[in-house]
Ligand code: C2O
Ligand code: CU
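What follows is the structure in structure tokens.
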């Protein structure tokens, strides 16, 4: 089989042609009966200018069926939009598990005419459970996942990963959060219940009927409207208390630069791979596709009626309005020490990866059948990412987390929110980023790719094998 064929026979050339033309649009499939009840739960119809933030239902990943299918969702204000959804939700249900649990998930492909497969971004799983594109299932197919939860406490997430179709399927609505908890996190007594809120940030385009449409661009799709948990113009009523926001960069290509309208900094307690060693105050963290931030925001000194806007300084967007609605007494402490991060050290090998143009790594477009390099199991390595342009490239690696060591050129620093364990790191033009990585969970075939999904789909992706 030629490496340039997708599982459904679309050649890469055909895809590139389609993405180059502004007329190319993939509208969400026809109305499916599957979805409405869950999609509407928690999203009351409102005629106001701001809509209540949708909070996806939480569910265990043990004995779970996840269905990818066309559906209709309320993006806010009661108007229904066609989308593609996991179990009818945009985002899909938030999976919540503890380290040591076993996930047993049946994926069903009820998409109209496309292969799909779901990847658990950030999860340490073996190849068969990783949602690699070579495992894609056709329409009507099912895929049975079963894996132990090895990760430390963190916000991970799930999304489709079929060859050359990831950008379209994510853009049309397929994504959800995957929260892991553990005993160490429990001891910190961080805000929980309604005071721990997932925030899936993305952007979208809508057609004249209000349905989600995907307009791929080779440089990366930037939608015209922000969505937070699938809600347009959302607000969240909060107590005068400490809150924990689990924030996911869920856009195809857009990078968010977060800010609070009152100028207060965020207290960053974690990122992709879980808790940092110690919290750090950051006014304007960046969040690229695939990255996560674990943020504390303190509303305790604020009077009822106060509003604070969560903003994106890059686009100049208002993302989410917090409305202080109730005065409570909250004496929770902000822990100073959060976790222990054992530094990786003494790399045995250095590997260089050049993210070339919009479609290649080290001069090669992705070929599903080609293994580009082999990595010995259990060995610390230095991986060096650089680009000759067309950035940002959010570089993501499957199969292990890494520690960011240096960034030279461009922004020329490692930011406070990039400490600890990461699985995605932002590479801007003129930058060289060095990370240390060790694959000590499983052997097998994994992926490295640009998480700007249009770049990934066009070939900026590589197979490697842990041996
Ligand atoms: Cu979030 Cu290989 O992807
Ligand atoms: Cu890229």
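In our numbering, the protein residues as written are 181 to 647. All C-beta atoms in this analysis are idealised placements derived from N, C-alpha and C, irrespective of residue type, glycine included. These numbers were taken from a predicted model, which means no experiment stands behind them.
- Remark: fewer than three beta-carbon pairs, one from each stretch, lie closer than 8 angstroms, so the region 579 to 589 and the region 529 to 549 are not flagged as touching.
- Note on residue 506: under 16 other CB atoms within 10 angstroms of its CB, so exposed under the neighbour-count rule.
- Restricting attention to 390, 412, 400 and 399, the CA atom closest to the CA of residue 381 is found in 412.
- Check the Cα spacing between residue 459 and each of 359, 334, 597 and 376: the tightest is with 597.
- A distance criterion of 6 angstroms places the beta-carbon of residue 640 in contact range of ligand 2, judged by its closest non-hydrogen atom.
- Residue 350 sits in a helix when the DSSP states are folded into three classes.
- Here the distance from the Cβ of residue 470 to the nearest heavy atom of ligand 1 is below 6 angstroms.
- Closest by C-alpha distance to residue 647, out of 632, 605 and 553, is 553.
- Fully enclosed beta strand (DSSP E) runs of no fewer than 3 residues occupy 529 to 536, 553 to 555, 560 to 567 and 573 to 577 of the region 529 to 585, in order along the chain.
- For residue 357, no alpha helix (DSSP H) run applies; the uninterrupted beta strand (DSSP E) run containing it begins and ends at 356 to 361, by DSSP.
- Inclusion of residue 632 in the 6 angstroms shell around ligand 2 follows from its C-beta lying nearer than that to a non-hydrogen atom of the ligand.
- Setting aside the 5 residues that flank it on each side, residue 349 is surrounded in the same chain by 248, 264, 291, 294, 296, 339, 340 and 342, each with a C-beta closer than 8 angstroms to its C-beta; the list follows chain order.
- Distances between the C-beta of residue 627 and the heavy atoms of ligand 1 include at least one below 6 angstroms.
- The way I'd put it, the region 445 to 455 does touch the region 470 to 485; three or more beta-carbon pairs between them come closer than 8 angstroms.
- CA-CA distance, residue 307 to residue 329, rounds to 14 angstroms.
- Residues of the same chain with a CB within less than 7 angstroms of the CB of residue 369, apart from the 5 flanking positions on each side, are 512 in chain order.
- Around residue 414, the same chain offers 231, 233, 408 and 500 as residues with beta carbons nearer than 6 angstroms, after the five sequence neighbours per side are excluded.
- Cβ-Cβ separation between residue 464 and residue 438: approximately 6 angstroms, consistent with a contact (criterion under 8 angstroms).
- Closer than 6 angstroms to some heavy atom of ligand 2: that does not describe the Cβ of residue 307.
- Membership of residue 616 in any alpha helix (DSSP H) is not indicated; the residue belongs instead to the beta strand (DSSP E) covering 612 to 618.
- One thing to note: residue 558 has its Cβ no nearer than 7 angstroms to the Cβ of residue 626.
- When DSSP reads this structure, residue 337 sits in a beta bridge with 301 and 357.
- Distance check between residue 609 and each of 619, 577 and 565 places 565 closest, using alpha-carbon atoms only.
- With 16 or more other Cβ atoms from the protein chains shown falling within 10 Å of its own Cβ, residue 632 counts as buried.
- For residue 231, the beta-bridge partners assigned by DSSP are 414.
- Taken from the Cβ of residue 299, at least one heavy atom of ligand 1 lies inside 6 angstroms.
- The region 480 to 488 makes contact with the region 420 to 427: 3 or more CB pairs, one atom from each, lie closer than 8 angstroms.
- Relative to the non-hydrogen atoms of ligand 1, the Cβ of residue 573 never comes closer than 6 angstroms to any of them.
- In this structure the region 344 to 359 does not lie against the region 609 to 625, because fewer than three pairs of beta carbons, one per stretch, are closer than 8 angstroms.
- In the structure shown, the three-state DSSP call for residue 635 is helix.
- For residue 629, the uninterrupted beta strand (DSSP E) segment begins and ends at 624 to 630.
- Residue 309 sits in a helix when the DSSP states are folded into three classes.
- A distance criterion of 6 angstroms places the beta-carbon of residue 343 beyond contact range of ligand 1, judged by its closest non-hydrogen atom.
- With contacts defined by Cβ atoms closer than 7 angstroms, residue 378 and residue 426 form a contacting pair.
- Within the same chain, Cβ atoms closer than 6 angstroms to the Cβ of residue 431 are found at 382, 383 and 469, the five residues on either side in sequence being excluded.
- Per DSSP, the continuous beta strand (DSSP E) segment holding residue 244 begins and ends at 242 to 254.
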